[in-house]
Each structure stands twice: as C-alpha cells, then as structure tokens.
C-alpha cells in the first residue's frame, strides 16, 4: 500500500460547462481525489481550479511541448508532446473519468476510457454515447465514479 | 502534383462485419484509393484483403512493436509502438474514414477523425454518433467519402 | 505566478546505479523540486524513493495501461499507454533532465530532451553523448541543472 | 508468406547530407526495399527521392496532422499527429535503419531502433554512438543492413 490518492480525470470542453466543471473539481478534491485534465482552458481549467480551491492536488497533461501551455491551476504538468494522442494519457491516468460537456476530442477520450475499462460517467450536456452512464449533477457523477472504482 | 493516390482509412471491428469490410476495401481499391487500417484482424484484415484482391495497395498501422503483428493483406506495415494511440494515426492517415462495425476503439477513431476535419461515414451497424453521416451500403459509403474529399 | 514547483526528470537504468539515483532524487527534493521518472524499476524507482524519503513529491510516467505498473514511490501516476513513446513525455516533463546510468531508451530520452531545449546533465557512468554536459557527483548534477533552468 | 517487401528506414538531417541520402535511397530501391522516412525535408526528402527515381516505393511518417506536410517524393503518407514521438514509429517501421547525418532527433531514433532490436548502421558524418556500427559509403551501409536483416 503506497497511500497514493485516487486519481480522477475530468474531460470535456465548452465555456458553458465551466461552472459545472468547477463543482466537479471541488467535489473530487473534497473526496480526497487528485484531479487530472488535459490542462488547457474551459472545462480543463475550471475542474483544476475547483480542485485547487478546495485544497486538492491537480495534474495537467498537455498536448504540446511546453509547461507554459498548462493553465494556472495545475500543480504538476506532464508535457507529452504528442498532440491529440495525449487524450489517451488523460483517459488512462484517471482511475475513473467524468465528462463535462465536450466535443470530438472528448468522444475520443470516452472511447479510450471505456476501452481500458475505466469507469466513465457523462454529465448531462455531454456527448450521448450508448452504453456510458450519465449523471444529472456533479454530486451524482462524483459518487457514481467513486463507487465504481471501489467496486472494481 | 505528386500523383500520390488518395488514402482512405477503414476502421471498425467485429467478425459479423467482415464481409462488409471486404466489399468496402474492394470498392475503394477499384476507385483507385490506397486502403489504410489498424492492421490487425476482423474488419482491419478484411478491408485490406478486399483492396488487395482488387489490385489495390494496402497499409497497416499497427499498435505494437513488430511487423509480424500485421495481417497478411498488408503491403506496407507502419509499426507505431504506441498502443491505442495509434488510433490517432489511423484516423489522421485517411483523407477520409469509413467505419464498419466497431466498438470503443472505433469511437476514439471517429472522435479523432472528426476533430481533424476528415470526412467520416459510418456504415449501418457501426456506432451511432450524433453529427456523423451514415450509409446503408458499402457503395454508398465509398461514394459519400470520395465526394466529400473532392469537395473539401 | 502559480507557485508550481520545478520539475526535474531523472532518466536511466541499471541496478548498479540505484544508489546514485537515490541520492539524486533526495537532493532534488531537498532543493524543492518535484521528481519525474518513467515509473518502473531500478533508476526510475530509486530516484522517486530518494525524493519521497526526503519529503518530496514524485511523478511516474508509465508506458503501459495500468496504474499498478508504477513503482511504490510514485505519488502520482500518469498512465500513457504509448510504450516507449512515453520517453518523450518523460524528457519533456522535466524542466531539466539528469541521466543516471542508462541504455538505449535513455539515449532516446537524451535526444528528445536536447531537441526540446531542456538542460540535460549525464552523471559519470551514463551514456557518453557529444554535446551533453556531464557531472561527477549527484550534488554537481543537481546544481548544474538548477543553475541551467534559472538562467534559461 | 505475403510477398511484402522489406522496409528500411532512413533517418537523419542536414542539407550537407542530401546527396548521400539520395544514393542511400536509390540503392535501397534497387535492392527491392521500400524506403521509410520522417517525411519532411533534407535527408528525409532526398532518401525518398532517390528511392522514387530508382522505381522504388516510399513512405513518409510525418509528425503533424496533415498529408500536405510530407515531401513530394512520398508515395504514401502516414499522418501520426504525435510530434517527435513519431520518431518511434519511423525507427520501428524499418526492418533496419540507416542514419545519414542527423542531430538530436536522430539520436532519439537510433536509441529507439537499438532498443527494439532493429539493425542500425550510421554513415560517417552521422552521430557517434558507442555500440552502433558505422559505414563509410552508402553501398556499404545498404549491404550491412540487408545482411543483418537476413541473418536476424
């Protein structure tokens, strides 16, 4: 037992979803989780901000070649240099994944997360994907993924 | 002008879809396209077989570290060593993309292809994704993607 | 200013170099750096152990698809799923890079780190690469890379 | 037996090495090999040109997200979208690898090729790496790698 804290990846995009992302990040941190995102703007920034403001730890996995690409809410920055392929690392690095809004890149991340057997929950407003559970609220999404990790 | 032939990626999986994949590959080759797949079995093999049997050229982009991983219908094997992240290369290497059946990995490829602006057509039986055109037959799928490339 | 701590990647391999890796990790943590490695055994484990035992924070960037692949000294695990291509992420995620021992994978990481303009120092016993500074001791290596980051 | 032709990757960079790259590409094509490179300029372009002018087949594995990034001598373009990590795919896709000139990216490719057990030969003028065979002329380099593949 290493004492390593559970990691949850928050994926998605869209300025309309920032407030929800903030709450998801905050709730994950309050439950003791490290929050991981793709490290750029919108959902990726606000989820980290929510976690940070709640005293949590945050990790940005960015697509480019510079630490400066990460938003200011990242405690740690993983610089992948592999462009959109970093979506695999974002999906895989979560012991569970929550989608907040999002578009095509988010769909790729959902595909990868499901392929790797990570529990995934899509918040209402995110992409509709057959076979992927949905949640109506950040609280419900967080409880669903935590329960799924514990039972897996 | 290099005379380079158009490349179309065929994505998907499922033994139930092999006959359709064979026809898609054949029709693409008959239209002068090079057929690209992820290079393994099922849809990835039968699309290459269809193209090869019609006199076309085939490319396998495999996830592992060995040429031997590719199916026997590959004329050329690109060994990526990057696991599921090679799905990005499969999607990106097509100037258009046709999905035949498929599961989570296919969803990731559709997400990437749409993100990169590649024309995508999903054959009936493949994943339902809002905003992605569908086709009822291999002939229709091939004509749709060729028309989309020409007009793009 | 985010207050993000400087990240230094320690690369290399070889059981003979574990004690040196331990000291490099410890010294980096004592200087306030987060230590990043490829997350597996030998040098990758002992550098994280040294940092952890000195109260530092550690990040493992692993090649496979599971958090369980990381050694027990990792506080955070980035699961890339991209095999040896994760060497790019290891090199890029350091604001500086120190090589301790190592073989062909280490050479790839040195190449990437230099290509991206990261300061690199190779400890005696590591690969001889023309144009890459060397250090005789962990203390010297740590001071060299910290000075290089500050002046860059 | 698929009849697939042997693939040899030519890596390196530097305008000073273009004439040598041209000859390496030509000789590989004359020996029936498909020539693979990173698909951009200098050595990557001239090796493909040499192969093409000798009637051979050429493959460009490019780092960006567009087919247009490849040089005009590429018969087939694999669009990886993974930046410098495509160096792994270039190294791995060759059943043998020849380095012509080159700098840090080439060093990464040599590291990966050796790590994966691909026969590698560096032409004089390329990076000096302990444990990697060297050749004085394109003819010698081509014969060395072909012999190494046959005996492996």
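Chains as they are written, first to last, in our numbering: chain X, -19 to 132; chain B, -19 to 132; chain D, -19 to 132; chain W, -19 to 132.
For each residue, glycine too, the CB sits at the ideal point set by N, CA and C.
These numbers were taken from a predicted model, which means no experiment stands behind them.
Pick out whichever of X:-11, X:65 and X:-2 has its Cα sitting closest to the Cα of residue 39 of chain X. Translated into positions along the first chain, residue 39 of chain X becomes position 59. Ranking X:-11, X:65 and X:-2 by Cα distance to residue 39 of chain X puts X:-11 first.
Below 8 Å on C-beta distance, what does residue 41 of chain X contact in chain B? Numbered from 1 along the first chain, position 61 holds the residue referred to as residue 41 of chain X. Listed along chain B, no residue sits closer than 8 Å to residue 41 of chain X by beta-carbon distance, the nearest being about 13 Å off.
Output, in chain order, the set of chain X residues within a Cβ distance shorter than 7 Å of residue 55 of chain D. Position 75 of the third chain holds residue 55 of chain D. In chain order: -16.
My understanding is that residue 8 of chain D touches residue 15 of chain D, with C-beta atoms under 8 Å, so please give their C-beta distance in whole angstroms. In the third chain, residue 8 of chain D corresponds to position 28, counting from 1. In the third chain, residue 15 of chain D corresponds to position 35, counting from 1. Between residue 8 of chain D and residue 15 of chain D the beta-carbon gap is near 5 Å, inside 8 Å, which marks them as a contact.
DSSP three-state call for residue 103 of chain D: helix, strand or coil? Within the third chain, residue 103 of chain D is the residue found at index 123, counting from 1. DSSP, read as helix, strand or coil, puts residue 103 of chain D in strand.
Among B:30, B:-5, B:-3 and B:22, whose alpha-carbon lies nearest the alpha-carbon of residue 12 of chain B? Position 32 of the second chain, counted from the start, is the residue given in the question as residue 12 of chain B. Relative to the Cα of residue 12 of chain B, the nearest Cα in the group B:30, B:-5, B:-3 and B:22 belongs to B:30.
Starting from residue 62 of chain W, trace the alpha helix (DSSP H) both ways and give me its first and last residue. Mapped onto the fourth chain, residue 62 of chain W falls at position 82. Boundaries cannot be given for residue 62 of chain W, as no alpha helix (DSSP H) includes it and DSSP labels it neither H nor E.
Is residue 68 of chain B close to chain W? Criterion is C-beta to C-beta, closer than 7 Å. The sequence position of residue 68 of chain B within the second chain is 88, counting from 1. Answer yes: the Cβ-Cβ gap between residue 68 of chain B and chain W drops below 7 Å somewhere.
Using a beta-carbon distance below 7 Å, is residue -3 of chain D in contact with chain W? On the third chain, position 17 is the one that residue -3 of chain D refers to. Interface residue (Cβ-Cβ distance to chain W less than 7 Å): residue -3 of chain D is not classified as such.
With a cut-off of 7 Å, does the C-beta of residue 61 of chain W fall near any C-beta of chain X? For the purposes of this step, residue 61 of chain W is taken as the residue at position 81 of the fourth chain. At a cut-off of 7 Å, the C-beta of residue 61 of chain W has a neighbouring C-beta in chain X.
Just to confirm, are residue 96 of chain W and residue 72 of chain W a CB contact at a threshold of 7 Å? Position 116 of the fourth chain, counting from 1, holds the residue named residue 96 of chain W. Position 92 of the fourth chain, counting from 1, holds the residue named residue 72 of chain W. The Cβ-Cβ distance between residue 96 of chain W and residue 72 of chain W falls below 7 Å.
Helix, strand or coil for residue 81 of chain X, going by three-state DSSP, please let me know. Residue numbering aside, residue 81 of chain X sits at position 101 when the first chain is read from its first letter. If DSSP states are grouped into helix, strand and coil, residue 81 of chain X belongs with the strands.
What does residue 42 of chain W pair with, by DSSP beta-bridge criteria? On the fourth chain, position 62 is the one that residue 42 of chain W refers to. Assignment of beta-bridge partners to residue 42 of chain W by DSSP yields W:59.
Once you ignore the five residues that flank residue 70 of chain W on each side, which residues in its own chain have a CB closer than 8 Å to its CB? The count along the fourth chain starts at 1 and reaches residue 70 of chain W at position 90. Counting only Cβ-Cβ distances below 8 Å, and skipping sequence neighbours, we find -11, -9, 16, 17, 18, 41 and 89.
Report the neighbours of residue 95 of chain B on chain X: residues whose CB is nearer than 8 Å to its CB, in chain order. Here residue 95 of chain B refers to the residue found at position 115 of the second chain. The answer, in chain order, is 64, 83, 84, 85 and 88.
In whole angstroms, give me the CA-to-CA distance for residue 99 of chain D and residue 77 of chain D. Residue 99 of chain D sits at position 119 when you count from the first residue of the third chain. Residue 77 of chain D sits at position 97 when you count from the first residue of the third chain. Residue 99 of chain D and residue 77 of chain D: Cα-Cα distance of roughly 6 Å.
For a cutoff of 7 Å on Cβ pairs, would you count residue -19 of chain W as touching chain X? Position 1 of the fourth chain, counting from 1, holds the residue named residue -19 of chain W. Low confidence applies here, because residue -19 of chain W scores a pLDDT of 39, under 50, leaving its location unreliable; read the following figure in that light. No, its Cβ sits nowhere closer than 7 Å to a Cβ of chain X.
Identify every run of the alpha helix (DSSP H) within the stretch -12 to 53 of chain B, keeping only runs that are complete inside it and at least 4 residues long; order them along the chain. Positions of the alpha helix (DSSP H) runs, each at least 4 residues long and wholly inside the stretch -12 to 53 of chain B, are given as -2 to 10 and 23 to 33 in order along the chain.
Can you tell me which of W:24, W:64, W:111 and W:74 puts its alpha carbon nearest to the alpha carbon of residue 51 of chain W? Along the fourth chain, one-based indexing puts residue 51 of chain W at 71. By alpha-carbon distance to residue 51 of chain W, the top candidate from W:24, W:64, W:111 and W:74 is W:24.
DSSP three-state assignment for residue 95 of chain B, whether helix, strand or coil: If you number the second chain from 1, residue 95 of chain B lands on position 115. In the three-state reduction of the DSSP assignment, residue 95 of chain B falls in the helix class.
Does the CB of residue 58 of chain W have a neighbour CB from chain B at under 7 Å? Here residue 58 of chain W refers to the residue found at position 78 when the fourth chain is read from its first residue. Residue contact check for residue 58 of chain W against chain B: a CB pair falls below 7 Å.
Does chain X have any CB closer than 7 Å to the CB of residue 91 of chain B? For the purposes of this step, residue 91 of chain B is taken as the residue at position 111 of the second chain. Judged by the 7 Å Cβ criterion, residue 91 of chain B is in contact with chain X.
Name the chain X residues that come within less than 8 Å of residue 110 of chain B, Cβ to Cβ? By 1-based counting over the second chain, the position of residue 110 of chain B is 130. 107 and 108, listed in chain order.
So, is residue 93 of chain W buried or exposed, given that buried needs 16 or more other C-beta atoms within 10 angstroms? Numbered from its first residue, the fourth chain carries residue 93 of chain W at position 113. By the beta-carbon neighbour count (other beta carbons within 10 angstroms, threshold 16), residue 93 of chain W is buried.
From the DSSP output, which residues share a beta bridge with residue 114 of chain X? Taking the first residue of the first chain as position 1, residue 114 of chain X is located at position 134. Residue pairing from DSSP places residue 114 of chain X in a beta bridge opposite X:102.
Using a Cβ cut-off of 7 Å, pull out every chain B residue sitting near residue 75 of chain W, in sequence order please. As a working note, residue 75 of chain W is residue 95 in the fourth chain. Within chain B, the residues near residue 75 of chain W are 47.
If the criterion is Cβ atoms closer than 7 Å, does the pair residue 27 of chain B and residue 4 of chain B meet it? On the second chain, position 47 is the one that residue 27 of chain B refers to. On the second chain, position 24 is the one that residue 4 of chain B refers to. For residue 27 of chain B and residue 4 of chain B, yes; Cβs fall inside 7 Å.
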